[in-house]
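Asker:
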Amino acid sequence: MKKYIFIGIVAVVFVFFLVREWTKPSYQTELENGFDALLANLKKAERNLTSPVAMAPPLEERRLKEGYKYLLGHLVRITGSEFNNNPETPRIERAITFLSKWTGDNADNAYLQAPIDGNFAYKVTGMVPYYRGNNAKTLRDIPQAPGLVLFQTGTNMVGDTGSLKEFKTCRNQTLGFIDNHSLQIEPDVSFEILLSTEKPDSYEGNWLATKANLPCKSDNDEEKTKDRVAKFLVIRETFFNWSREHPLDLDIVRIGFEGIPPSNVSTAERAEQMRALGEKTANQIEFWNWLMQIGLEAWGDRDFDGEARLPVNDVNPPEPPFVAGGMAGAKLLYASGMFALEKDEALILEIENPAKPDYIGFHLGDAWMQSTDQANYVSSRNHSQMEAAENNSTYLVVAHKDPGILNWVDTTGLINGQMVFRFWYSDEPSADKFPQINARKVKYDNIRGELASKNPTMVTQSQRRLEVAERQKHIRMRYREY
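The numbering used here runs 744 ahead of the 1-based position in the sequence shown.
1. In terms of DSSP beta bridges, what is residue 1141 paired with?
2. Between which residues of its own chain and residue 860 is the CB-CB distance below 7 Å, once the five residues before and five after are set aside?
3. Is it buried or exposed, residue 820, if we count other Cβ atoms within 10 angstroms and call 16 or more buried?
4. Which of helix, strand or coil does DSSP assign to residue 1046?
5. What is the DSSP secondary structure of residue 867, counted as helix, strand or coil?
6. Can you tell me which of the three DSSP states residue 933 falls into?
7. Residue 906 by DSSP, collapsed to three states: which one?
8. If you draw a straight line from the alpha carbon of residue 1059 to that of residue 944, how long is it in whole angstroms?
9. Identify which residue in 907, 970, 1015, 872 has its Cα closest to the Cα of residue 924.
10. Taking just the CA atoms, how far does residue 817 sit from residue 809?
11. Have a look at the DSSP bridge pairing and note the partners of residue 1107.
12. Thinking C-beta only, is residue 895 closer than 7 Å to residue 929?
13. Tell me, which residues are paired with residue 1033 by DSSP?
14. Going by the beta-carbon positions, is the gap between residue 877 and residue 994 smaller than 7 Å?
15. Count the other CB atoms, across all protein chains shown, that sit within 10 Å of the CB of residue 883; report buried if there are 16 or more and exposed otherwise.
16. Suppose contacts are defined by Cβ-Cβ distances below 7 Å. Is residue 836 in contact with residue 851 by that definition?
17. On the premise that residue 1095 lies in contact with residue 1137, defined as a C-beta separation below 8 Å, what is that separation, rounded to the nearest angstrom?
18. Just to confirm before moving on: does the CB-CB distance between residue 1005 and residue 1099 stay below 7 Å?
19. How many angstroms separate the CA atom of residue 1019 from the CA atom of residue 1135?
20. Can you tell me the Cβ-Cβ gap for residue 1198 and residue 1133, rounded? I've got them flagged as a contact below 8 Å.
21. Distance check for residue 753 and residue 855, CA to CA, integer angstroms please.
22. Can you tell me which of 1119, 1055, 1200 puts its alpha carbon nearest to the alpha carbon of residue 1152?
23. For the alpha helix (DSSP H) that contains residue 1207, what are its first and last residues?
24. State the DSSP-derived secondary structure class of residue 983, mapped to helix, strand or coil.
25. Are the beta-carbon atoms belonging to residue 1126 and residue 980 less than 7 Å from one another?
26. Does the segment 893 to 912 come close enough to the segment 1016 to 1031 that 3 or more CB-CB pairs lie under 8 Å?
27. Name the DSSP beta bridge partners of residue 957, please?
28. What does DSSP give as the partner residue(s) for residue 859 in the beta ladder?
29. Please classify residue 789 as buried or exposed, where buried requires at least 16 other C-beta atoms within 10 Å of its C-beta.
30. Beta-carbon within less than 7 Å of residue 1227's beta-carbon, same chain only, minus the 5 sequence neighbours each way: which residues are those?
31. Sort out for me which residues DSSP pairs residue 941 with in a bridge.
32. Quick one: what's got a C-beta closer than 6 Å to residue 1150's C-beta in the same chain, skipping five residues either side?
33. Exposed or buried, residue 811, counting other C-beta atoms within 10 Å across all chains shown (16 or more means buried)?
34. Apart from the five residues just before and just after residue 1215, which ones in its own chain have a Cβ nearer than 6 Å to its Cβ?
35. Do residue 1114 and residue 799 have their C-beta atoms within less than 7 Å of each other?
36. Is it buried or exposed for residue 1221, if we count other Cβ within 10 angstroms and need 16 for buried?
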């Protein structure tokens, strides 16, 4: 009898769950399917960390450990942009945090973004905190302001497709930009920027286009023009002097939409957000894998032309950026290469500047195109943190251990990784005035002898600790979340 009772109970429970599945609301099924797609794509993202098919970098313990953090950083970043921001009531948020580094981020930069719909008008307002003067004409006159600030309107976030083909489809384009050298400010050092499809006839203030007819090359290299609509406002704050410069106070509103709540998210839209979150996370990892492995040949010659595009223990000659979604038109030059150093080796980089740059930035990066920890290590330097030599020249020493020289850059223990230079000019020089960079690998014990003619400034361990403490303080302030 007990046996039949037990079988009956099991049958009832089975029928109950079966009926519940049959009568499940359609909205529940749709949301579950969206979440299942998210989980499936997260597994794909994990595979992309190690899969040769996804052009993953060579396997190594620290590299993979950082890779998992990199994956989670993308997940956190994209969750915020997909679920917690919209072009109806946008907010300026961080595109890169100390957790979510990507795109070969500049160690001197804060990267900000806000979603916009370029068919509508927006107003950006800003001010410089901690400044009480009234004689400044531009932001560059204010010691507390970032050394360089760039506002730009753009179409799409680079890397979301997972394919390098997006470079050829003009998917990522800049519609307009304005920097702190040309930004008009009020006597109280506040400012406004109008974002709209067209500049009003009577308007003389700061303006950025949200629609533009832009050139675009087709697959057969035939250049055509195409109407583009902005989807994002992107802001870069570059800090020259980490001891005194502060992030700007910034806000954005869609004009005419103040005080109105955004549209409710439908079930279908929520499910699509979850699918998009998973897809973009997986695609971002695969895209930057392909760029490092094939586009930049970071791990060796891949097109069999006899050389890699990123030289080892050397850097390419400085050139303008090749990605329109980057700081195109911002008078910036890039130079990059790879370092590969044994524990008893160092790399000396000597930089000659025929035309003096307003900004020089140098940082080291890992296999995932993340800048290394610039808070707790001196793994980056800009011109204000370097000892300059005569004739606008300077030098850097990349090494695993502190040689007691001011211009040391710490590898943070990476045996190999990426090196990136950035040079910015308020007056763009001709190509014959571009910087010249010479690199040579030396034994660690020979560093001081190699630099004797430059009479480098020596630093003690206590002085280095003070330098790192200052960096930690600045990064805490730069990335604060309150």
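Just so it is clear, CB atoms sit at the ideal spot from N, CA and C, and this is done for glycine as well.
Answerer: On the basis of the data shown:
1. The beta-bridge partner set that DSSP reports for residue 1141 consists of 1092, 1152.
2. 831, 834, 866, 939, 954, 974, 975, 976, 977
3. exposed
4. coil
5. Residue 867 falls in the strand class under three-state DSSP.
6. coil
7. In the displayed model, residue 906 falls within coil according to three-state DSSP, outside both helix and strand.
8. 46 Å
9. 872
10. Separation of residue 809 and residue 817 (C-alpha to C-alpha, rounded to the nearest whole angstrom) is 13 Å.
11. 1124, 1164
12. Going by C-beta atoms, residue 929 is not nearer than 7 Å to residue 895.
13. DSSP, once it has assigned bridges, lists no residue as partnering residue 1033.
14. no
15. It counts as buried.
16. Contact: no.
17. 6 Å
18. no
19. When rounded, the distance between both Cα atoms is 55 Å.
20. 6 Å
21. Distance between the alpha carbons of residue 855 and residue 753: 60 Å.
22. 1200
23. 1205 to 1222
24. Reduced to three states, the DSSP call for residue 983 is coil.
25. no
26. yes
27. 971
28. Checking the DSSP bridge columns, you'll see residue 859 partnered with 976.
29. buried
30. Any property of residue 1227 remains undetermined from this structure, which presents the chain solely from 745 to 1226.
31. For residue 941, which the question treats as bridged, DSSP gives no partner whatsoever.
32. Leaving aside the five residues that flank residue 1150 on each side, the residues in its chain whose CB is nearer than 6 Å to its CB run, in chain order, 1131, 1201, 1203.
33. buried
34. 1119
35. no
36. exposed
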